[in-house]
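Protein chains in written order, with the working numbering: chain Y, 1 to 452; chain B, 1001 to 1816.
The C-beta atom is built at its ideal place from N, Cα and C for all residues, glycine as well.
Predicted, not measured: the structure shown is a model, and the values here were computed from it.
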């Protein structure tokens, strides 16, 4: 892979012109989906850990005339492109009588997109909404969905002394009730994976495809032969292996047939946390722009984690923070802690605003932007870090969803119409996916007011 | 458990009756009447899920939860009664009345006696348990690839990405914790492709030789006038552009370009001879000698940006002797490169003349340096490339068989070999590929196959418990002791069955433990047990601890690894880890600790610290660092580390609503000790902090980077004294060391940790009687790690397996 010391922005700005259909060179530049009448819709779930500060988050007024609060202020330039949704509770994520102690963040995080009640001793969450969407439309793209995050899958130490499975804390995306989706956390390897194979000639691609299919065939037979000689649990594991191999094959075929998208030279990734975080967002936008996938989840770090070190990339009163987010988030009203949390939350919102900037900057060729065609869900596993509860969640729904979403307002909900899972039904609906009942409470009715 | 004289040894029914009649009525009082439910009612943060109102169900639940397991929830009956209920509960409330306390204590004694002293419960054969398929951990995956292919994926630029390991029970290889998602398989597929490609197409060292006799004519012929081409126009450096005829290039070394597949250090070796001449410059219409006997300068270009110039001294107006020049190019980038050799200082023109000449008769290009290749030992790859062009079917079969047998740690079946051959070799040959491409595809498939990714042990219908086969045992042994695949000797003993016999297994274990690969016991097991991997990524506040840099992180880790290695290698009592008279420092770490500088520079040397608070785990900065807050020490975290890692008694997490902050403004005037006292106010906090805080307080003389200090983070004089919950006075960390060394829980904990690592099992599912037997064997011997490894490996739980029991994993799969 070539490496040039180039400014990443320059590279990305140049992208629009470098997308090409190799078998129709005269038509270049083209979007990968150029044959379709309109650009596709994209769906993104964006997670930040440990809740927000409710007092500094929730606007006082409802409706289009609402005033931005301290924590929403970084989004000011996008005010007409998102809606603030307040008052929703993820009831299944709330601790119940009889639950084992110490698991609040585990329960909330694993419930974040599954709306299941999580228990310590039975390893079980549920299929997350992004994967429900991927089942419906994932086959249209090389990758059914992208599962991204800024800290690796399970982090060493998280589970030490805690008897809750680490997986609950580290994953919001679940393929099925017992299978969390592994995350990509390294932008350079993600770039290679997404775009590494796109430079071959058509003939070479055909050859690669047939060879790769043979490899997968052989492996599939290996699995089947082995499986027949194992116990139920091991067979269960290997069934997943086969499923994964099959998905891999689908992808190889789709990649091989897909129009090519030349992302340009590999960017200079820089170093440090901020650079990596930004690079991951660049890759996310690039993947959407090139139509490598239409569905993604993005986890900023993870919640409930005392071991991730200080949030030293965030400054407060000109000083780098020396404390980790989670212990801070239990602020007990301490003004110093609250000020530090506010600094973290503002940083989170700045980054999110930057993501919306990037999405707005992508011209989809028909006069719309990537943001116009996207549904971007932003929230955290807890409402307010201090009380460890998935109630009154801090939610922003951004993007237009191709005209399906209400924008530029603050919608406040209250019981009994404040069901968080219902919002997700509405978003899936806007994305064009219908599903059976979702979550622990078997919800079927989309939240009113979200879509136009 | 001091006064257990006269304890009765009972069977299960007897124990249950004792519990039901004597103990349960005390524990099961309604809420508010001083029983367990006051604090542990269902729905509270510290509910005891095994506790039921019905004594039979409570006993049943406690019983099935694992009798000896004090570490894992649900807490065992023994732990609850012996550790919690009698000495510590109820905390912050009125203590048990003395008569009730005696009843509970007496039952705890009976329970312990029944299980430990005269264990009627352990009279059957141990249950070896079912071990689900174990996936190779990342470290094991890399070790296996390194062993089979010489492929070093730990190189920083290898960029091999595997899905992160799931850590459970302190280790990265516990089978039931190893989830498998599409993402994992994707990463395996990417890795397989990359490894196959790197090893077969990138890693072969470049060794190109070129004969170049025909080139010497070029070297001193005048040639046409030239400028540019990236060469300096002013070759003599006088500031004026050269005007004479200028011939500079010899040759391209290949017809085309040299393809550098792997960046790194390359060497160009050239045999050349020089021809010296005077430099003459036109002055007043005459050529005057301005410099005598100038030797030719040879310039070697590696690609468009790297070049070097060397003098090739010859005789005056005569070619000198042939000389060999080795020119080293650091950091040659990957890609196609033009290699050129030229003469830079020859000139011939009306104004100036310098008639130096150069002859080159051959040169070769070697590289990259062996330590820069992704494959450190090319011979291992070469043995798969034995068939020249794939036209010999017998040779092909052998090659495929070789790849599969090596990667899969077993003999492949004829069917497997045939299938890989027809599906993969033939596909490549049919589409015009080479034998090497075909082998690459076999390699890729073999690496993605479950036979590589998993350590396979087959079910054995009809015999629920069976001895492992030789190959299965060899694999378990080698991943246990070496962290990687078996070697030829081990496989041979597996094949001839001798590994299954006690005596030869013992001898083989001795060989394995003495082998250098047993370093994995330190680097993999030891590091995971003690949580040392956290040091690699440890971040403390840069403001408070600006001295924490990568060098110090590495130094702290090296000290601990040296300690572990020393105790393990010398076969010393593992309790020596706690306290030694020596430690390992380099000059930097010695300065950090304030020890005399050993003068060894970067190198670590063993130094005597008998009269210093150094030596042993609790006096090592690495441990102090991983148990501190970013900006200060944490007695609580330090205590927790001891309980969790050395005693296997991890405290519960704080309740969800607990305020864990001891830096609240309202505490500003308090000392650390007074702040920690806050933990004791709430009984829900006190039960754990009563254990953690005294252990941690004893280490307050060590700051977050392990330096000795007399003033703590709050500006007060350090006072390391405190009292353990059982009343033991602690004056400082030396007392904790002494106390730890006498704790039976330490022996049990080490046994359990190593068994968890060895078996890849949830420790709750390991047969408690078998574990006790292993511990007893071990503690009756020299108590070295080697002996414990042996005791585990010789035990039936390691050498046998049971088939999966019906419903055994329903709690994990959500089934049936």
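- Neighbours of residue 238 of chain Y in chain B, taken as residues at a C-beta separation under 7 Å, are given in chain order as 1450.
- For residue 1584 of chain B, the enclosing beta strand (DSSP E) has its first and last residue at 1582-1585.
- Using a Cβ-Cβ cut-off of 7 Å, residue 1190 of chain B is close to 193 of chain Y, given in chain order.
- Leaving aside the five residues that flank residue 447 of chain Y on each side, the residues in its chain whose CB is nearer than 6 Å to its CB run, in chain order, 422, 423, 426.
- For residue 1441 of chain B, the neighbours in chain Y by C-beta distance under 8 Å run, in chain order, 211, 214, 215.
- DSSP lists Y:296, Y:376 as the beta-bridge partner residues of residue 44 of chain Y.
- Between residue 1789 of chain B and residue 1521 of chain B a beta carbon distance of about 7 Å is seen, short of the 8 Å cut, so the two are scored as contacting.
- Residues 1280 of the same chain have their beta carbon placed closer than 6 Å to that of residue 1287 of chain B, with the five preceding and five following residues left out of the count.
- At a cut-off of 3 residues, the continuous stretches assigned as beta strand (DSSP E) that sit fully inside the stretch 72-126 of chain Y are 82-86.
- Using a Cβ distance threshold of 8 Å, residue 1627 of chain B and residue 1618 of chain B do not count as a contacting pair.
- Within the stretch 123-150 of chain Y, 123, 124, 147 place their CB atoms closer than 7 Å to a CB of chain B, listed in sequence order.
- Any Cβ of chain Y closer than 8 Å to the Cβ of residue 1183 of chain B would place that residue at the interface, and such an atom is present.
- For residue 1167 of chain B, the nearest CB of chain Y lies under 8 Å from its own CB, placing it at the interface with that chain.
- Note on residue 1422 of chain B: under 16 other CB atoms within 10 angstroms of its CB, so exposed under the neighbour-count rule.
- Contact check for residue 370 of chain Y against residue 362 of chain Y passes: the beta carbons are separated by less than 8 Å.
- Among the bridge pairs identified by DSSP, residue 1276 of chain B is matched with B:1316.
- Looking from the CA of residue 72 of chain Y, the closest CA among Y:53, Y:90, Y:87, Y:189 belongs to Y:53.
- In summary, residue 239 of chain Y is exposed, with fewer than 16 beta-carbon neighbours lying within 10 Å of its beta-carbon over all protein chains present.
- One finds 167, 179, 180 in chain Y with Cβ atoms closer than 7 Å to the Cβ of residue 1179 of chain B, taken in chain order.
- In the three-state scheme derived from DSSP, where H, G and I count as helix and E and B as strand, residue 398 of chain Y is classed as strand.
- At a C-beta separation below 7 Å, residue 219 of chain Y has these neighbours in chain B: 1445, 1448, 1449.
- Separation of the CB atoms of residue 1609 of chain B and residue 1589 of chain B is rounded to 12 Å, and the pair is thereby denied contact status at 8 Å.
- The alpha-carbon separation between residue 1055 of chain B and residue 1445 of chain B amounts to approximately 57 Å.
- Boundaries for residue 1326 of chain B: no alpha helix (DSSP H) harbours it, while the beta strand (DSSP E) harbouring it runs 1323-1332, taken from the DSSP string.
- Contact annotation: residue 1481 of chain B and residue 1438 of chain B have beta-carbon atoms that are not nearer than 8 Å.
- In terms of CA proximity to residue 1458 of chain B, Y:233 leads the group Y:233, Y:129, Y:348.
- Around the beta carbon of residue 1806 of chain B, fewer than 16 other beta carbons lie within 10 angstroms, which makes this residue exposed.
- DSSP places residue 1337 of chain B inside the beta strand (DSSP E), whose first and last residues are 1335-1337.
- Residue pairing by DSSP places residue 1414 of chain B opposite no residue, since no beta bridge is assigned to it.
- Taking the C-beta atoms as reference points, residue 1456 of chain B is found nearer than 8 Å to residue 1133 of chain B.
- If you check the CB distance, residue 94 of chain Y and residue 128 of chain Y do not come in under 8 Å.
- In terms of beta-carbon proximity, residue 1544 of chain B lines the interface with chain Y, with at least one pair separated by less than 8 Å.
- When DSSP assignments are scanned along the stretch 1621-1707 of chain B, the uninterrupted stretches of alpha helix (DSSP H) that are 4 or more residues long and fall wholly within it turn out to be 1621-1626, 1635-1641, 1672-1681, 1683-1697.
- If you check each beta-carbon in the stretch 377-401 of chain Y against every beta-carbon of chain B, the ones closer than 7 Å belong to 388.
- Between residue 1725 of chain B and residue 132 of chain Y, the alpha-carbon positions lie close to 53 Å from each other.
- Closest in alpha carbon position to residue 1304 of chain B, among B:1339, B:1292, B:1744, B:1290, is B:1339.
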